[in-house]
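To keep things clear, I will list the structure first and then write my remarks on it.
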Amino acid sequence: MDNRDAATRREQRALKISVAAALFFALLGFGFALLTHSQAILLDGIFSLVGLGVSLLTLFVARLVELPGDDTFPFGYAHFEPMLNVFKSLIMVTICAFALIGAISSILQGGNTLTAGIAIIYALIATIGSAILAFYMHRTSRQTASTLIAVDAKAWLLDAVISAAVLLTFVGMYLLRDTIWSHYLPYIDPGLVAALVVLTLPVPLKVLRDNIREVISMAPAKPLQDAIHQQVLASLKGQEYEDIRLRILKQGRLIIVFTEIVLGSDYVLETAATLDRIRARMAEHLQKYDSNVEIKAVFMGDPNWAE
13 MDNRDAATRR EQRALKISVA AALFFALLGF GFALLTHSQA ILLDGIFSLV
63 GLGVSLLTLF VARLVELPGD DTFPFGYAHF EPMLNVFKSL IMVTICAFAL
113 IGAISSILQG GNTLTAGIAI IYALIATIGS AILAFYMHRT SRQTASTLIA
163 VDAKAWLLDA VISAAVLLTF VGMYLLRDTI WSHYLPYIDP GLVAALVVLT
213 LPVPLKVLRD NIREVISMAP AKPLQDAIHQ QVLASLKGQE YEDIRLRILK
263 QGRLIIVFTE IVLGSDYVLE TAATLDRIRA RMAEHLQKYD SNVEIKAVFM
313 GDPNWAE
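Take the position in the sequence shown, starting the count at 1, then add 12; the result is the number in this note's numbering.
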């Protein structure tokens, strides 16, 4: 329990830092967007503002999923985690769609002129800050096995990539301002937004694909199924049984393993404690693999009960 509590505290601390950072970058983005008239910076600011709202919701959900089951949700609140991740990814996809429409409209209307020198300052701050946060959130997600933080890390990485691309573009615009290419400058900002949307859209789409599987209770990815299966077989080494059936459900950080063990009609059961010892060995192996695994094991003699 101590390790679980420590992981929860780390998760909560990381999410609070994410909330504070999202607020800072949202204010920074909107402020610099007004100064520079840049659509790319405005897009970055909108991402940060939406990130702020989602981070606050994430902080609430992270506390919720730690609660035990009750009369309303007898199997606990773990399913809220993938639901939130689906919500996050849908918001990101929607923002990307509107940004792409706005960028195309701007290009068709002749583009827009911005102050590249000031924009470079913003892009430099945003790139360094987002990269630091992406690294911190990624490291914390590995320490806590939190999918909420893992998605947050991807969002900050997306922000860092966008900001880095904006930085390089603004530097290029600054260098081209007095050249024969200067008449193309109004098109660079909306063109950059369109390019960034196309390049970054696969990230939220992947998050959406992975988490929608958990929301509708599909089987988890094959590598996870194989790893769980190997752990269960290892725990049953030396144990007499005829067959074993596994059903695995993943919801956020929680992995539930439903195990049906066919002992055979001739199996002689001495006491119920024998079954408890088998179950305890299985739980021990699975907990070493992932502390968020819960096992539900049933034993039977007739294989028809495992159908």
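Glycine included, every Cβ here is placed at the ideal spot set by N, Cα and C.
If the five residues before and after Ala-143 are omitted, its C-beta is found closer than 7 Å to the C-beta atoms of Ala-172, all from its own chain and listed in chain order. Of the candidates Phe-182, Ile-113, Gln-121, Asp-164, Phe-182 places its Cα closest to the Cα of Ala-135.
When C-alpha distances from Leu-120 are compared across Val-105, His-91, Tyr-199, the shortest belongs to Tyr-199. About 13 Å separates the beta carbons of Val-280 and Tyr-253, which is beyond the 8 Å limit, so they are not a contact pair. Classified as exposed, Asn-316 has fewer than 16 neighbouring CB atoms from the shown chains inside 10 Å of its CB. Note on geometry: alpha-carbon atoms of Arg-75 and Leu-68 lie some 11 Å from one another. Annotation for Leu-275: no alpha helix (DSSP H) segment contains it, and DSSP assigns it neither H nor E. Counting along the chain, the unbroken alpha helix (DSSP H) around Val-73 starts and ends at 51-76. The DSSP-derived three-state label of Ala-233 is coil. For the region 14-46, not one full-length beta strand (DSSP E) segment reaches 3 residues or more. The alpha carbon of Gly-63 has as its nearest neighbour, out of Asp-164, Ala-176, Pro-80, Thr-156, the alpha carbon of Asp-164. Between Leu-287 and Leu-102, the beta carbon gap of about 45 Å keeps them out of contact (Cβ cut-off 8 Å). When the alpha-carbon of Glu-226 is set against those of Leu-245, Arg-265, Met-312, Trp-193, the nearest one is in Arg-265. Bounds of the alpha helix (DSSP H) holding Asp-164 are 159-188.
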